[in-house]
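A short worksheet on the structure shown next.
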Amino acid sequence: MAKNRRIRPLSDSVLLEGRNIWTVNANPGVAVRGESLRKFRGVEHRRWDPNRSKLGAGLLRTRNDPSNLLPQPGSTVLYLGAGHGTTISHLHDHLCGRSNQHRGRLVAVDLAPRCLRDLTHLADGRPGLVPVLGDARKFDAWGVLIPSRVDWLFQDVAQAGQVEIFLSAVRRFLSKDGIGLLSLKAASERHQDGGDADIFAGAIAKLSDEVELVEHINLTGFEDQHALFVIRRR
Amino acid sequence: MWLWYSWQSAAVVNEDGDVLDIEINDARFSVHAAKERLQLVASGQMPPEAIILAERFPEAKPIAHGSDELPEFDVPQPTAIQIEVADEAALLLAKEGVAISAADPDRRLEHLLRASEELRTLHLTMEARLIEWVGLFLPSARFETNRTQVAGKLRDVTSLSEFASLIDVDDAYEQPSDSEWKALHDWAVMVSNQGRQLDRLEHAIRLSAQSHLPSTSTLVGPLLAARLCVEAHGRSRLARLPSGTVQVLGAEKAFFSHLRSGTAPPKHGHIFMHPWISRSPRWVRGKIARMLASKISIAARIDEFEGTPMSQDDVDQVEARVEAIRKEFSKPPRR
Numbered sequence: 000m001a002k003n004r005r006i007r008p009l010s011d012s013v014l015l016e017g018r019n020i021w022t023v024n025a026n027p028g029v030a031v032r033g034e035s036l037r038k039f040r041g042v043e044h045r046r047w048d049p050n051r052s053k054l055g056a057g058l059l060r061t062r063n064d065p066s067n068l069l070p071q072p073g074s075t076v077l078y079l080g081a082g083h084g085t086t087i088s089h090l091h092d093h094l095c096g097r098s099n100q101h102r103g104r105l106v107a108v109d110l111a112p113r114c115l116r117d118l119t120h121l122a123d124g125r126p127g128l129v130p131v132l133g134d135a136r137k138f139d140a141w142g143v144l145i146p147s148r149v150d151w152l153f154q155d156v157a158q159a160g161q162v163e164i165f166l167s168a169v170r171r172f173l174s175k176d177g178i179g180l181l182s183l184k185a186a187s188e189r190h191q192d193g194g195d196a197d198i199f200a201g202a203i204a205k206l207s208d209e210v211e212l213v214e215h216i217n218l219t220g221f222e223d224q225h226a227l228f229v230i231r232r233r
Numbered sequence: 000m001w002l003w004y005s006w007q008s009a010a011v012v013n014e015d016g017d018v019l020d021i022e023i024n025d026a027r028f029s030v031h032a033a034k035e036r037l038q039l040v041a042s043g044q045m046p047p048e049a050i051i052l053a054e055r056f057p058e059a060k061p062i063a064h065g066s067d068e069l070p071e072f073d074v075p076q077p078t079a080i081q082i083e084v085a086d087e088a089a090l091l092l093a094k095e096g097v098a099i100s101a102a103d104p105d106r107r108l109e110h111l112l113r114a115s116e117e118l119r120t121l122h123l124t125m126e127a128r129l130i131e132w133v134g135l136f137l138p139s140a141r142f143e144t145n146r147t148q149v150a151g152k153l154r155d156v157t158s159l160s161e162f163a164s165l166i167d168v169d170d171a172y173e174q175p176s177d178s179e180w181k182a183l184h185d186w187a188v189m190v191s192n193q194g195r196q197l198d199r200l201e202h203a204i205r206l207s208a209q210s211h212l213p214s215t216s217t218l219v220g221p222l223l224a225a226r227l228c229v230e231a232h233g234r235s236r237l238a239r240l241p242s243g244t245v246q247v248l249g250a251e252k253a254f255f256s257h258l259r260s261g262t263a264p265p266k267h268g269h270i271f272m273h274p275w276i277s278r279s280p281r282w283v284r285g286k287i288a289r290m291l292a293s294k295i296s297i298a299a300r301i302d303e304f305e306g307t308p309m310s311q312d313d314v315d316q317v318e319a320r321v322e323a324i325r326k327e328f329s330k331p332p333r334r
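Chains A and B, in that order, give the protein sequences.
Counted from 1, the first sequence has number 118 at position 119 by numbering that gives the first Met the number 0; the numbering is strictly sequential.
Counted from 1, the second sequence has number 167 at position 168 by numbering that gives the first Met the number 0; the numbering is strictly sequential.
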């Protein structure tokens, strides 16, 4: 059965095989969160679990070309709200590759020391990953690590005012025509009478004011009460 | 006019984005030096390059790279090697920050408190099993009044018969096998050790709470103070909570059921374990809880903002209020 699945590359190191995503393991032999490892044509890949990664879920759900959601390998990208590093590890596979062969830089900011503990361990085997212990809103403290604007920015912070934080990060760090992804958790925003739909509608209005909204991806099923917004800076 | 600075360079920029003056350090920094500079900038201070420019342009407003205020301009770029060194330094900084986070008393208190909770649950379950187990073999023994001593006595004997004579009951009609007795004895040793371990844990919680929350500890006792602090997710949050929230901390289930379906609101959460409330008649508990919660809020704020800690006198005054409320409402309200 598996033989008949169509394999479609999204980039040099990301494969879409049916409903599974695989990335070339930049740290061979090591599974970050116990995900399956498998060889395709002799190269070890790690399974990107869409239930654990909103970016992974977005790649499966988008109606556009999923490779547009990924940054250019070898570029510098900014990731706010890095968490324990599941998405980060796959992003690193794509962006930097083994021993950072693509010469990418992945600046990953998170506020929680517990998350940073996992991220620093991850960074030890993955050159190009730069973990930063800091508040995603306080750009002054770590902004010097992003000397020029980036073409790709991802935000996944579970705190009130996510859209405002995202927009100010976009203003500050995203280049013109750069792609920004905002993973919005409705439960983190103040409760509204219209429920989650109203929160998402409000976010769309605020985003469209300032940037070009490319897509609104509903993540229900992978991650309830979440949506992924894809924007392009004008 | 702004004085823009990064960790190794600085520039003076006017409103139109023209660079008036620039200082770039293109040296090969060691990771250690880069780390110190990153720390400097993160703490809101300026690197030496910016200080030079600040002397030349005292009217320019210093602003770190990454701030929103600046106009668009050609930002001076660090060299590739400098970026590499900065990344290594950032990793070191992150590791340092993670290591330092262990200094946070809130985190430490939480582990202590949750450990004692988990151990207590385990202890009670295991103790109940032990008593049922022994009771099976010694049906004439009654443990209702001295449950807590069973484990300690069992650990010091070498056979079930010896235990039976120690507590003065009929010996077992049906003896456990050797291996069975060993398993039972091991179980008793473990239960008895848990008792001591719990004492040590609570001692550690008391010491930690007394230094982290001196006023709250004086007012309501260190164990309750610690619990409130942990449930509020830290001292600084406890100090900022309205006292109405402090009053019902730990009664979330009842509270949200009240909000959702209009059941009676809870009168007290964790503070119920304080004898001023739990030993008061039912009809004054809500009043005392409300008063006590407000005093706890004050105490927590004294702790957080390092004011003069509450003295025994202050506590006596609160106790006098408790007495006054109890006296004023000494009779249950008529239905």
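Backbone N, C-alpha and C define an ideal beta-carbon position, used for all residues, glycine too.
This structure is a prediction, so every number in the text was calculated from the model and none was measured.
At which residues does the alpha helix (DSSP H) containing residue i begin and terminate?
i, result
"Ala163 (chain B)", "159-165"
"Ile301 (chain B)", "281-303"
"Arg154 (chain B)", "146-154"
"Leu218 (chain A)", "Premise fails: Leu218 (chain A) is in no alpha helix (DSSP H) and is neither H nor E."
"Leu92 (chain B)", "79-99"
"Asp185 (chain B)", "177-211"
"Pro265 (chain B)", "Counting along the chain, Pro265 (chain B) falls outside any alpha helix (DSSP H), and DSSP gives it neither H nor E."
"Arg125 (chain A)", "Premise fails: Arg125 (chain A) is in no alpha helix (DSSP H) and is neither H nor E."
Write down the C-beta distance between residue i and residue j rounded to the nearest angstrom, noting that I regard them as a contact closer than 8 angstroms.
i, j, result
"Arg104 (chain A)", "Asp176 (chain A)", "Going by Cβ atoms, the distance from Arg104 (chain A) to Asp176 (chain A) rounds to 19 angstroms, so no, they are not a contact pair."
"Ser182 (chain A)", "Asp223 (chain A)", "In fact, because the Cβ distance is near 13 angstroms, the residues do not count as touching under 8 angstroms."
"Ser10 (chain A)", "His93 (chain A)", "6 angstroms"
"Cys114 (chain A)", "Ala140 (chain A)", "17 angstroms between Cβ atoms; not a contact."
"Val40 (chain B)", "Ala63 (chain B)", "6 angstroms"
"Arg154 (chain B)", "Ser191 (chain B)", "5 angstroms"
"Leu183 (chain B)", "Met309 (chain B)", "Not a contact, Cβ separation roughly 49 angstroms."
Could you name the residues that DSSP lists as bridge partners for residue i?
i, result
"His225 (chain A)", "A:Lys184"
"Leu15 (chain A)", "A:Arg7, A:Ile20"
"Gly179 (chain A)", "A:Leu152, A:Ile230"
"His44 (chain A)", "A:Val23, A:Arg37"
"Pro112 (chain A)", "BP columns for Pro112 (chain A) are empty, so no partner."
"Asp20 (chain B)", "B:Val11"
"Pro61 (chain B)", "B:Leu2"
"Val76 (chain A)", "A:Leu105"
"Glu211 (chain A)", "A:Arg231"
"Leu173 (chain A)", "A:Val149"
With a CB to CB cut of under 8 angstroms and the five nearest residues on each side skipped, what residues in its chain are close to residue i?
i, result
"Arg234 (chain B)", "Pro104, Asp105, His211, Leu212, Cys228, Ala299, Asp302, Glu303"
"Arg245 (chain A)", "Chain A is shown from 0 up to 233; residue 245 (chain A) falls before or after that span and cannot be answered."
"Pro27 (chain A)", "Glu43, Arg97"
"Glu48 (chain B)", "Tyr4, Gln7, Ser8, Ala9, Glu22, Ile23, Asn24"
"Val129 (chain A)", "Arg104, Leu105, Val106, Ala107, Ala122, Leu144"
"Met0 (chain A)", "Reliability fails at Met0 (chain A), whose pLDDT of 45 lies under 50, so the model's placement of it is uncertain and the value that follows must be treated cautiously. Correct list: empty, nothing qualifies."
"Leu413 (chain B)", "Nothing about residue 413 (chain B) can be reported from this structure: the residues present for chain B run from 0 to 334 only."
"Gly220 (chain B)", "His273"
"Arg171 (chain A)", "Phe138, Gly142"
"Pro332 (chain B)", "Trp282"
Which stretch, first to last residue, makes up the beta strand (DSSP E) that contains residue i?
i, result
"Ala9 (chain B)", "8-12"
"His93 (chain A)", "Not the beta strand (DSSP E): His93 (chain A) falls in the alpha helix (DSSP H), residues 85-94."
"Ile145 (chain A)", "Per DSSP, Ile145 (chain A) belongs to no beta strand (DSSP E) and is neither H nor E."
"Lys330 (chain B)", "It is not in any beta strand (DSSP E) - Lys330 (chain B) carries neither H nor E in the DSSP assignment."
"Leu128 (chain A)", "128-132"
Which same chain residues end up closer than 7 angstroms to residue i when comparing Cβ atoms and leaving out the 5 residues on each side of it in sequence?
i, result
"Leu81 (chain B)", "What sits at residue 81 (chain B) in the sequence shown is Gln, not Leu. Taken in chain order, the residues that qualify are Gln7, Phe28."
"Thr61 (chain A)", "Leu68, Glu214, Ile216"
"Leu165 (chain B)", "Lys152, Val156"
"Glu34 (chain A)", "Arg45, Arg46, Asp48"
"Ala88 (chain B)", "Val30, Ala33, Lys34, Leu37"
"Ser88 (chain A)", "Val31, Leu121"
"Pro236 (chain A)", "Residue numbering for chain A in the displayed model covers 0 to 233; residue 236 (chain A) lies beyond these limits and cannot be assessed."
"Ser279 (chain B)", "Ile287, Arg325"
Considering only residues of the same chain and omitting the five flanking positions on each side of residue i, which have a CB-CB separation below 6 angstroms?
i, result
"Gly249 (chain B)", "Glu230, Gly268, His269"
"Ser296 (chain B)", "Ser242, Val245"
"Ala157 (chain A)", "Lys184, Ser187"
"Arg37 (chain A)", "His44"
State yes or no: is the C-beta of residue i nearer than 7 angstroms to some heavy atom of the ligand HEM?
i, result
"Asn99 (chain A)", "Questions concerning the ligand HEM fall outside what the structure shown contains, since it holds no ligand whatsoever."
Residues from the region 4-16 of chain B in contact with chain A, defined by Cβ distance under 7 angstroms: Against chain A - using a Cβ distance shorter than 7 angstroms - the residues of the region 4-16 of chain B are Ser5, Trp6.
The region 271-303 of chain B: positions lying closer than 8 angstroms to chain A by Cβ: Taking 8 angstroms as the Cβ-Cβ cut-off against chain A, none of the residues of the region 271-303 of chain B qualify.
Near-chain A residues of the region 33-52 of chain B - C-beta to any C-beta below 9 angstroms: Arg36, Leu37, Val40, Ala41, Ser42, Gly43
Selection of the region 141-168 of chain A by Cβ proximity to chain B, strictly under 8 angstroms: Of all residues in the region 141-168 of chain A, Trp141, Gly142, Val143, Leu144, Ile145, Pro146, Ser147, Ser167 have a Cβ within less than 8 angstroms of some Cβ in chain B.
Proximal residues, the region 54-80 of chain B versus chain A, C-beta separation under 7 angstroms: Ala63, His64, Gly65, Ser66, Asp67, Val74, Gln76, Pro77
Members of the region 221-247 of chain B that neighbour chain A once the beta carbon cut-off is set at 9 angstroms: none
Proximal residues, the region 170-196 of chain A versus chain B, C-beta separation under 7 angstroms: Arg170, Arg171
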